[in-house]
Amino acid sequence: MKKFLLLFVLFVSVITAQETHMKWTIESKKVSDCEYDLIFSVKMEKDWHIYSLIKSDGPNPTAFYFDKSPDIQFVGKVKESKTHKIYDLTFEDTVRMHENTATFTQRIKLLKEGALKVTGKYEAQICHDVEGCIFPPAQKFKVDLTGTGACVLAKNSNTTSPLDTVVTALTPIHDSSSSHSNSTVVAASNSESKSSDPEAVESMSLWAIFFAGFIGGFAALLTPCVFPMIPMNVSFFTKQSKTKKQGIRNALIYALFIIVLYVGLGLGVTLIFGAGALHTLSTNAWFNMAFFALLLVFAASFLGAFEIVLPSSFVNKMDAKSDKGGIIGIFFMAFTLALVSFSCTGPIIGTLLVQAAAGGGIGGPFWGMFGFALALALPFGLFAAFPGWLNSLPKSGGWLNSVKVVLGFLELALALKFASNADLVWQAGILTREVFVGLWIVIFGLQGIYLIGGFKTSHDSDLKHVSVTRLFFAIVSFFVTIYLIPGLWGAPLKIFSGILPPLEYSESPHGFGSSESSQSTPFDPEFAKYIEVNKNGIIHFKNDYEHALAYAKKVGKPLMVDYTGHACANCRKTEDNIWPDPEVLKRLNNDVVLVSLYVDDKRALDPKDFMKVQWYGEEREITDIGDKFKYQQETTYGKSSQPMYVILDLNEKPLNSPRGYNASTPEYIKWLDEGISKFSSKK
Numbered sequence: 024m025k026k027f028l029l030l031f032v033l034f035v036s037v038i039t040a041q042e043t044h045m046k047w048t049i050e051s052k053k054v055s056d057c058e059y060d061l062i063f064s065v066k067m068e069k070d071w072h073i074y075s076l077i078k079s080d081g082p083n084p085t086a087f088y089f090d091k092s093p094d095i096q097f098v099g100k101v102k103e104s105k106t107h108k109i110y111d112l113t114f115e116d117t118v119r120m121h122e123n124t125a126t127f128t129q130r131i132k133l134l135k136e137g138a139l140k141v142t143g144k145y146e147a148q149i150c151h152d153v154e155g156c157i158f159p160p161a162q163k164f165k166v167d168l169t170g171t172g173a174c175v176l177a178k179n180s181n182t183t184s185p186l187d188t189v190v191t192a193l194t195p196i197h198d199s200s201s202s203h204s205n206s207t208v209v210a211a212s213n214s215e216s217k218s219s220d221p222e223a224v225e226s227m228s229l230w231a232i233f234f235a236g237f238i239g240g241f242a243a244l245l246t247p248c249v250f251p252m253i254p255m256n257v258s259f260f261t262k263q264s265k266t267k268k269q270g271i272r273n274a275l276i277y278a279l280f281i282i283v284l285y286v287g288l289g290l291g292v293t294l295i296f297g298a299g300a301l302h303t304l305s306t307n308a309w310f311n312m313a314f315f316a317l318l319l320v321f322a323a324s325f326l327g328a329f330e331i332v333l334p335s336s337f338v339n340k341m342d343a344k345s346d347k348g349g350i351i352g353i354f355f356m357a358f359t360l361a362l363v364s365f366s367c368t369g370p371i372i373g374t375l376l377v378q379a380a381a382g383g384g385i386g387g388p389f390w391g392m393f394g395f396a397l398a399l400a401l402p403f404g405l406f407a408a409f410p411g412w413l414n415s416l417p418k419s420g421g422w423l424n425s426v427k428v429v430l431g432f433l434e435l436a437l438a439l440k441f442a443s444n445a446d447l448v449w450q451a452g453i454l455t456r457e458v459f460v461g462l463w464i465v466i467f468g469l470q471g472i473y474l475i476g477g478f479k480t481s482h483d484s485d486l487k488h489v490s491v492t493r494l495f496f497a498i499v500s501f502f503v504t505i506y507l508i509p510g511l512w513g514a515p516l517k518i519f520s521g522i523l524p525p526l527e528y529s530e531s532p533h534g535f536g537s538s539e540s541s542q543s544t545p546f547d548p549e550f551a552k553y554i555e556v557n558k559n560g561i562i563h564f565k566n567d568y569e570h571a572l573a574y575a576k577k578v579g580k581p582l583m584v585d586y587t588g589h590a591c592a593n594c595r596k597t598e599d600n601i602w603p604d605p606e607v608l609k610r611l612n613n614d615v616v617l618v619s620l621y622v623d624d625k626r627a628l629d630p631k632d633f634m635k636v637q638w639y640g641e642e643r644e645i646t647d648i649g650d651k652f653k654y655q656q657e658t659t660y661g662k663s664s665q666p667m668y669v670i671l672d673l674n675e676k677p678l679n680s681p682r683g684y685n686a687s688t689p690e691y692i693k694w695l696d697e698g699i700s701k702f703s704s705k706k
């Protein structure tokens, strides 16, 4: 009975923070010998909410950081309770949120006998539809556990024995000994992380990867390596089988083996390299450049420069084995199809695996290759069941090569995305937005001209007339071309958001020929290198309060402080909808010195700028940019939500009341004029 009672051990620690509008509790629950669930529960005040572990382009996800330990193994990822999904018009993205209460569970396995500690941090952005968002600093936690010899046995031999006694203690910690450099991110990453959590990406994109694979398989089906084999193989099964039922069965087995082979390839790639390694590589600059070069080779092959083929001796050997008959023979027929079609399917498969690898989980390549194989295998099964449908298939001809050429153009366009990833990581400024858009205009323009017969490649036959299908795809190509052209002058091109380099990563962030600002005087040379001009023409300092204040004193203008966040929805509403207004823009650029301070910027401060402060009832060390300005805002103004705008005189005293979010442009202008007028009256 005592052992049974010890199967559930629960200690609760309540962590509260000033004005966070939420209260966290942590529970440890034994689930098996040496395995425990750490359960993080949070209760939010009415009308406040936090966001899912899943990272999006909008708000910051809830995140957990567990310190590494050789004595603890993390079993899977952090799991969260059911979320509420809504479409956020500001971020133009679907976001998942928790309201009222939420739980997050991480399973761990103990690998050592004796006292053990599980330590780490967690953080969550909490928002209110009216009052805005708060970014509380990360809270530290510590869980004390005791393992027995059973845990050592489990580590060494993968066997377990009953755990007689368990002692746990759970308390919040207040030291600053742990750091992110010694931590393992087990859930979602913070908003500035270069690689989002694998599980989050996987859960968001599995359907997208599957459909991308299905489309890729359908495209491969229409290539000259695969399409002619459909009637040939189906006829073989229907004519060589003793009964119609047997023919259908053999064709379905053949289709099943096609799926097994390609799905096995996807799993093999992931298992060999490891899901985490694939995801890490997908964000590496050199890895992206390698795939840029690989896709250029694939594109050249599709465009007719050369054929990518496997050794003929190997292909012939597999083909000979397909003559054995039975299940084994059918398997080798499917294997032979994969081999002889490699020159057409290889580039598509390679591209698909790279894209799926970005998901970081084993599910990406699996579902991508399953979609590809399903599209490739379906015709063989369907036409075997309904052989009369074969008569409706178009005859093989020059149109099959046209499919390859179009795929070649698309491979070229996709290759630029990998080159752009590397360029952005290196901040080389080579593949800027204008260069990228210009190259895409050329690629899709040439594709459209090719489709209407403007030129032909070496393997093309003469085009006597333009079919309806070619005309349709030509229209799509020319539409993309024309849509892209305004992007050279700074158009947002939202259809391709996430593929094109950001607007700010540009030779001219405001488009060719446009003025860079509406400021009436040029920048002071002493401060020019600290001043930025954003996509809407706003002149401001970014995360540089000291230089902004010094500049304001030199030019004799009030300092307007903008406490903002990369993941702050209402901040973005103000910046995109109010600041570009001509009257607002004129005041921001001519009458004040604007500094934007990002309270969720996770980049590290220079070590000499680290500081220890009393904050949220304990001593903390501020080590990143966001916490520096978050601390400044909360301790100076007693506010912790964003956006918050303050107009200061040259002694850093507020000239009028700080302002939060308000959608009214006239009210914003009135507030600006009030502060500017009071500053002028003090001169």
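The sequence shown maps to residues 24 to 706 in this note's numbering. Ideal placement from N, C-alpha and C gives every residue a C-beta, glycine not left out.
Candidates the options: which alpha carbon is nearest residue i's?
i    : options                   : result
D629 : T646, D614 and L617       : T646
L671 : V458, E657, F314 and G698 : G698
E530 : I522, F519, L516 and L511 : L511
D623 : L611, Q655 and D599       : Q655
K609 : L275, A551, L284 and H563 : H563
S64  : A445, Q129, G99 and L317  : Q129
L284 : G327, K268 and L397       : L397
F519 : R456, V491, A551 and F478 : R456
K108 : A514, V118, R272 and V101 : V118
A575 : K631, N674, T106 and V320 : N674
F395 : R272, H121 and F241       : F241
Does residue i come out as helix, strand or coil in the three-state DSSP assignment?
i    : result
F652 : helix
D696 : helix
P677 : strand
W602 : coil
V465 : helix
F550 : coil
D167 : strand
S687 : coil
G240 : helix
C150 : strand
A86  : strand
F633 : coil
A328 : coil
I62  : strand
G560 : coil
T106 : coil
R643 : strand
C594 : helix
D585 : strand
K478 : Looking at the sequence shown, residue 478 is not Lys but Phe. Correct three-state label for F478: coil.
Can you give me the Cβ contacts of residue i inside the same chain, cut-off strictly under 6 Å, excluding the 5 residues immediately before and after it?
i    : result
I475 : V489 and A497
E606 : I692
F467 : S500, V503 and T504
A686 : none
L507 : V460, W463 and I464
D696 : none
V190 : Residue confidence for V190 is low, a pLDDT of 31 falling below 50, so the modelled location carries little weight and cannot support an answer.
K701 : L678
F31  : Summary for F31: the model assigns pLDDT 35, below 50, so the residue's position carries little reliability; its value from the coordinates is reported in the next sentence. Excluding positions up to five away in sequence, the list is empty.
By Cβ distance, which residues of its chain are closer than 7 Å to residue i, with the 5 residues on each side in sequence left out?
i    : result
L611 : I561, W602 and L617
A571 : F564, L582, V616 and V618
K705 : D672
D650 : P160
Can you give the beta carbon distance from residue i to residue j, rounded, assuming they're within the 8 Å contact cut?
i    : j    : result
I131 : F97  : 6 Å
A322 : G431 : 5 Å
G526 : F459 : At residue 526 the sequence reads Leu, which differs from the Gly that was named. Incorrect: roughly 12 Å between the Cβ atoms, too far for contact.
L290 : F389 : 6 Å
F454 : D446 : Before going on, a small fix: residue 454 reads as Leu here, not Phe. Contact holds; Cβ gap of about 4 Å.
In chain order, what residues of the same chain have a beta carbon less than 8 Å from the beta carbon of residue i, not counting five sequence neighbours either side?
i    : result
K487 : none
S180 : In this predicted model, S180 has a pLDDT of only 41, less than 50, meaning its place in the structure is not dependable; the value taken from the coordinates is given anyway. Nothing meets the Cβ criterion.
Cβ pair count under 8 Å reaching 3, the segment 490 to 499 against the segment 557 to 573: No contact exists between the segment 490 to 499 and the segment 557 to 573.
At least three beta-carbon pairs within less than 8 Å, the segment 654 to 668 to the segment 676 to 694: A contact is defined here as three or more CB-CB pairs under 8 Å, and the segment 654 to 668 meets this definition with respect to the segment 676 to 694.
At least 3 beta-carbon pairs within less than 8 Å: the segment 90 to 102 vs the segment 595 to 607: No contact exists between the segment 90 to 102 and the segment 595 to 607.
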